[in-house]
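J.: What follows is a structure written as structure tokens; I'll ask about it next.
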Amino acid sequence: MKSVGIIVEYNPFHNGHKYHIQKAKETCNPDCIIAVMSGNFLQRGEPALLSKWSRAQMALLNGVDLLIELPYYYATQSANNFAYGSVTLLEKLGVEHLVFGSEDGNIESFLNSAKELDSIVFKNKDYSKSFPRSFLENTDPVEIDIGLPNNILGVQYVSNILKNNYNIKPLTIKREKANYHDQTFNDERIASATSIRNKILNSKGQSFERIFNYVPLNIKDLIINEKNNFKSWEDYFNLLKYRLVSSDINELSSIFLVEEGIEHRILKYISNSSSFSELITALKTKRYTWTRIQRTLLNILVNHKKHEIEDKSLSYARVLGFNNIGREYLNKNKKNIDIQVVTSPKNIQNRMLDLDLRASRVYCLGLNNPSGQELFEREFLPPIIIK
488 MKSVGIIVEY
498 NPFHNGHKYH
508 IQKAKETCNP
518 DCIIAVMSGN
528 FLQRGEPALL
538 SKWSRAQMAL
548 LNGVDLLIEL
558 PYYYATQSAN
568 NFAYGSVTLL
578 EKLGVEHLVF
588 GSEDGNIESF
598 LNSAKELDSI
608 VFKNKDYSKS
618 FPRSFLENTD
628 PVEIDIGLPN
638 NILGVQYVSN
648 ILKNNYNIKP
658 LTIKREKANY
668 HDQTFNDERI
678 ASATSIRNKI
688 LNSKGQSFER
698 IFNYVPLNIK
708 DLIINEKNNF
718 KSWEDYFNLL
728 KYRLVSSDIN
738 ELSSIFLVEE
748 GIEHRILKYI
758 SNSSSFSELI
768 TALKTKRYTW
778 TRIQRTLLNI
788 LVNHKKHEIE
798 DKSLSYARVL
808 GFNNIGREYL
818 NKNKKNIDIQ
828 VVTSPKNIQN
838 RMLDLDLRAS
848 RVYCLGLNNP
858 SGQELFEREF
868 LPPIIIK
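If you use the numbering used here, the sequence shown corresponds to residues 488 to 874, in order.
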């Protein structure tokens with residue numbers, strides 16, 4: 488079966504994502520669309536608005552045939568590591584094409600920029616500089632605007648495909664109408680996930696009906712049913728604060744991404760911070776970007792230690808859901824799938840998978856019981872099946 492892969496977060500799913508799926512189908516005419524999706528925590532170091540199960544169901548109702556979870560270890564890292572984990576999963580699943588959205592829309596520009604990236608070595612590891620700034624300081628001018636978020640990821644997808652000699656052929660489609668960081672709606676039917684999240688989280692219990700102009704009609708009821716389960720960092724602040732005030736310097740310094748003494752700064756400001764936004768505003772300096780601080784605090788919350796994952800190879804593909812086409816793909820392509828396909832984590836010994844489950848347990852603590860406990864128990868049930 489001919490397959491196309493896409494790499495997604497769906498935070499939340501909206502019309503722009505459905506457009507991406509439709510264009511991927513038009514471009515490659517595949518038999519099966521396979522999506523690799525972040526779990527309950529995302530690449531920018533923040534909790535997903537909705538659980539991975541809700542987002543998976545939305546995707547399967549709108550054109551995705553097989554939904555695979557990107558492990559926490561890769562899902563919450565910088566663009567390069569996020570891209571490596573994602574394209575490696577697709578490669579091991581036997582996917583032929585990767586179709587990603589970008590602000591540029593020209594695959595030749597990404598191929599040229601990726602080759603440029605692979606030819607350089609960054610002079611210093613300077614956390615005060617974002618990846619785009621470091622990239623531009625170490626290269627000649629490139630063909631695409633590397634400061635735009637989808638372009639950044641696109642270059643890293645292509646770079647990882649090239650340097651690992653993967654068989655996947657990358658293709659890109661131009662992002663339409665809404666930019667990644669747009670904070671407000673426009674008059675079109677496509678809005679950014681950022682603007683939709685803002686509208687939902689700022690509704691404060693009031694109606695957020697306007698977002699339904701920007702999401703597929705068939706997920707409206709799913710969103711309404713989840714209205715008491717929308718999550719942001721503020722829902723985890725008290726848990727984070729407890730973790731911090733009950734930890735000493737040595738404990739914090741053992742956490743993944745806690746480097747260069749930031750643990751001292753964190754402990755200095757946590758006691759007087761009454762919200763997550765207050766804490767991260769106090770912590771931000773020229774040396775650390777907002778996103779890096781979020782990732783660091785997330786690893787503290789999840790208790791992800793530096794030497795916890797010694798084997799960084801991807802040895803499993805956790806299936807969150809599929810339809811009949813996705814099921815057929817898994818059955819017919821067993822010889823081409825070079826990875827263990829996991830439909831339930833029961834009785835599987837794997838430290839990376841253990842970290843996924845711990846992260847999910849922490850995410851579920853942000854929900855009121857019984858919803859939180861029920862959501863964690865969902866981890867050990869079969870995948871979502873859409874017939």
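For each residue, glycine too, the CB sits at the ideal point set by N, CA and C.
If you're wondering where the values come from, they're calculated on a predicted model, not measured in any experiment.
Since H507 is in the alpha helix (DSSP H), which residue starts that stretch and which ends it?
T.: Run containing H507: N502 to C515, per the alpha helix (DSSP H) assignment.
J.: Taking the DSSP output, what are the residues bridged to I742?
T.: K792
J.: Using 8 Å as the Cβ pair cut-off and three pairs as the minimum, do the stretch 510 to 530 and the stretch 547 to 556 touch?
T.: yes
J.: Given N611, which residues of its chain have a CB within under 6 Å of its CB, disregarding the five upstream and five downstream residues?
T.: Reliability fails at N611, whose pLDDT of 46 lies under 50, so the model's placement of it is uncertain and the value that follows must be treated cautiously. Answer for N611: no residue qualifies.
J.: Could you pull the DSSP bridge partners for V495 from this structure?
T.: In the DSSP assignment, the residues bridged to V495 are M524.
J.: Checking the sheet assignment: what are the DSSP bridge partners for N837?
T.: Paired residue(s): none; N837 is not in a bridge.
J.: Using the Cβ count rule (16 or more neighbours within 10 Å means buried), how would you classify Q827?
T.: exposed
J.: Could you have a look at L640 and say whether DSSP puts it in helix, strand or coil?
T.: helix
J.: Report yes or no: do three or more beta-carbon pairs, one from the stretch 842 to 854 and one from the stretch 578 to 592, lie closer than 8 Å?
T.: no
J.: Tell me the rounded alpha-carbon separation between H507 and I660.
T.: If you take the alpha carbons of H507 and I660, they lie about 8 Å apart.
J.: Exposed or buried, what is E533 when buried is set at 16 or more other beta-carbons lying within 10 Å of its beta-carbon?
T.: Flag for E533 reads buried.
J.: Would you kindly check if the distance between the Cβ of V574 and the Cβ of Y653 is under 8 Å?
T.: yes
J.: Is it buried or exposed for Q670, if we count other Cβ within 10 angstroms and need 16 for buried?
T.: Low confidence applies to Q670: its pLDDT is 49, below 50, so where it sits in the model is not reliable enough to give any reading.
J.: Under the assumption that R752 contacts L770 (Cβ atoms under 8 Å), give the Cβ distance between them as a whole number of angstroms.
T.: About 6 Å separates the two Cβ atoms, so the contact holds.
J.: Starting from F439, follow its DSSP beta bridges and name the residues at the other end.
T.: Outside the modelled stretch of the chain, which goes from 488 to 874, sits residue 439, for which no answer is possible.
J.: Alpha carbon to alpha carbon, what distance is there between S740 and K528?
T.: For the sequence presented, residue 528 should be read as Phe rather than Lys. Answer to the nearest angstrom: the Cα atoms are 22 Å apart.
J.: Can you look up K661 in the DSSP assignment and give me helix, strand or coil?
T.: strand
J.: Per DSSP, what kind of secondary structure is L649 in: helix, strand or coil?
T.: helix
J.: As a quick exercise: from C515, L537, D735 and E595, pick the residue whose alpha carbon is nearest that of G748.
T.: It is D735.
J.: Strictly by DSSP, which residues pair up with G748?
T.: Answer is none; G748 lacks a bridge partner.
J.: My output table needs one value for F587: the three-state DSSP class, helix, strand or coil.
T.: strand
J.: Report all residues from its chain with a CB closer than 8 Å to the CB of G859; omit the five preceding and five following residues, and keep chain order.
T.: C851, L852 and G853
J.: Could you check whether L537 and E746 sit closer than 8 Å to each other, using their CB atoms as the reference points?
T.: no
J.: How many Å lie between S615 and K821 at the Cα?
T.: Its pLDDT being 48, under 50, S615 is placed unreliably by the model, and nothing is read from it.
J.: Are there 16 or more other CB atoms within 10 angstroms of the CB of H504, so buried, or fewer, so exposed?
T.: Buried: at least 16 other Cβ atoms inside 10 Å.
J.: Would you list the residues sitting across from K656 in a DSSP beta bridge?
T.: H584
J.: Here's the rule I'm using: 16 or more other beta-carbon atoms within 10 Å means buried, otherwise exposed. How should Q549 be labelled?
T.: Note that residue 549 is Asn in the sequence shown, not Gln. With 16 or more Cβ atoms within 10 Å of its Cβ, N549 is classed as buried.
J.: Spatial neighbours of S802 within its chain, please: CB distance less than 7 Å, with the 5 preceding and 5 following residues excluded, ordered by chain position.
T.: So the list reads I826, Q827 and N837, once near-sequence residues are dropped.
J.: For V702, which of helix, strand or coil comes out of DSSP?
T.: coil
J.: Measure from the alpha carbon of A511 to the alpha carbon of each residue in E583, R697 and I683, then state which is nearest.
T.: E583
J.: From I633 to N856, what does the alpha carbon distance come to, in whole angstroms?
T.: Roughly 43 Å between the two C-alpha positions.
J.: With a CB to CB cut of under 8 Å and the five nearest residues on each side skipped, what residues in its chain are close to P832?
T.: Sequence-distant Cβ neighbours of P832 in its own chain, meaning closer than 8 Å and more than five residues away, are R805, L840, D843, L844, E866 and F867.
J.: Which residue comes first and which comes last in the alpha helix (DSSP H) that contains Q860?
T.: S858 to E864
J.: Is it buried or exposed for P870, if we count other Cβ within 10 angstroms and need 16 for buried?
T.: buried
J.: Identify whether Q670 lies in helix, strand or coil by the three-state DSSP scheme.
T.: With a pLDDT of 49 at Q670, under the threshold of 50, the modelled position of this residue cannot be trusted, and the question is left open.
J.: Determine, using beta carbons only, whether Y571 and G526 come nearer to each other than 8 Å.
T.: no
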